[in-house]
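Working notes, beginning with the structure itself.
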Amino acid sequence: MAEYPDAALDRPAWRWLFASAGFTANGRPAQRPERPVELWRGSVPERRADWSWSILRIVAEGYATGTGARRPTTGRLYRTVAPPASLFAHNTGRGEDEYVLDTDGLTITEVPLTRA
């Protein structure tokens, strides 16, 4: 379920839960960043607008090339700049430095991989 949370609840339900909890960092209430955050996602095209993004391009490239997710190379690398209001949570575990964010209305751009 952690891999595909939208299989358990739809996005409106997740939005409501995150809004109710407020912004968190590593599971605890925290101050939301004051400035937009540049974020990266490696995924297959049909999941490019999902909500888990890393501040570390190399982590996203690992998911795009299959090394991060232990899958065949089918992914692409995407970039967005997320305004503070779109950010739900920040998690630094597993070495991924991940933000969970609402991607609705954000510009998501495919960018070239720097490694194959």
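Numbering-wise, the sequence shown is residues 3 to 118 according to the working numbering. Beta carbons are placed, not taken as given, at the ideal position from N, Cα and C, and that holds for glycine.
Quickly, what does DSSP pair residue i with across the bridge? List them, please.
| i | result |
| --- | --- |
| W53 | Answer by DSSP bridge pairing: none, since W53 is not bridged. |
Am I right that residue i and residue j are in contact with their C-beta atoms under 8 Å? What's the rounded C-beta distance?
| i | j | result |
| --- | --- | --- |
| T82 | W55 | 7 Å |
| P38 | P86 | 7 Å |
| A21 | H92 | Contact doesn't hold; Cβ gap of about 16 Å is too wide. |
| W53 | V102 | 5 Å |
If we ignore side chains and look at the alpha-carbon of each, how far apart do residue i and residue j end up?
| i | j | result |
| --- | --- | --- |
| R34 | F25 | 6 Å |
| G97 | L89 | 19 Å |
| T105 | R49 | 11 Å |
| T111 | Y80 | 5 Å |
| E100 | A84 | 13 Å |
| E40 | L19 | 24 Å |
| M3 | T116 | Confidence in M3 is poor, its pLDDT being 39 and thus under 50, which makes the residue's placement unreliable; the coordinate value appears in the next sentence. Looking at the two C-alpha atoms, the distance is approximately 31 Å. |
With respect to the beta strand (DSSP E) encompassing residue i, which residues constitute its N-terminal and C-terminal limits?
| i | result |
| --- | --- |
| A91 | 89-93 |
| V102 | 100-103 |
| T67 | Per DSSP, T67 belongs to no beta strand (DSSP E); it is in the alpha helix (DSSP H), 59-67. |
Taking only beta-carbon atoms, is residue i less than 8 Å away from chain C?
| i | result |
| --- | --- |
| T26 | Reference to chain C is not applicable here, since this structure consists of a single protein chain. |
How far does the alpha helix (DSSP H) with residue i in it reach, from first residue to last?
| i | result |
| --- | --- |
| L19 | 13-23 |
| T82 | That residue, T82, is in no alpha helix (DSSP H); its beta strand (DSSP E) goes 78-84. |
Quiz item: Does the region 33-44 come close enough to the region 59-66 that 3 or more CB-CB pairs lie under 8 Å?
Solution: yes
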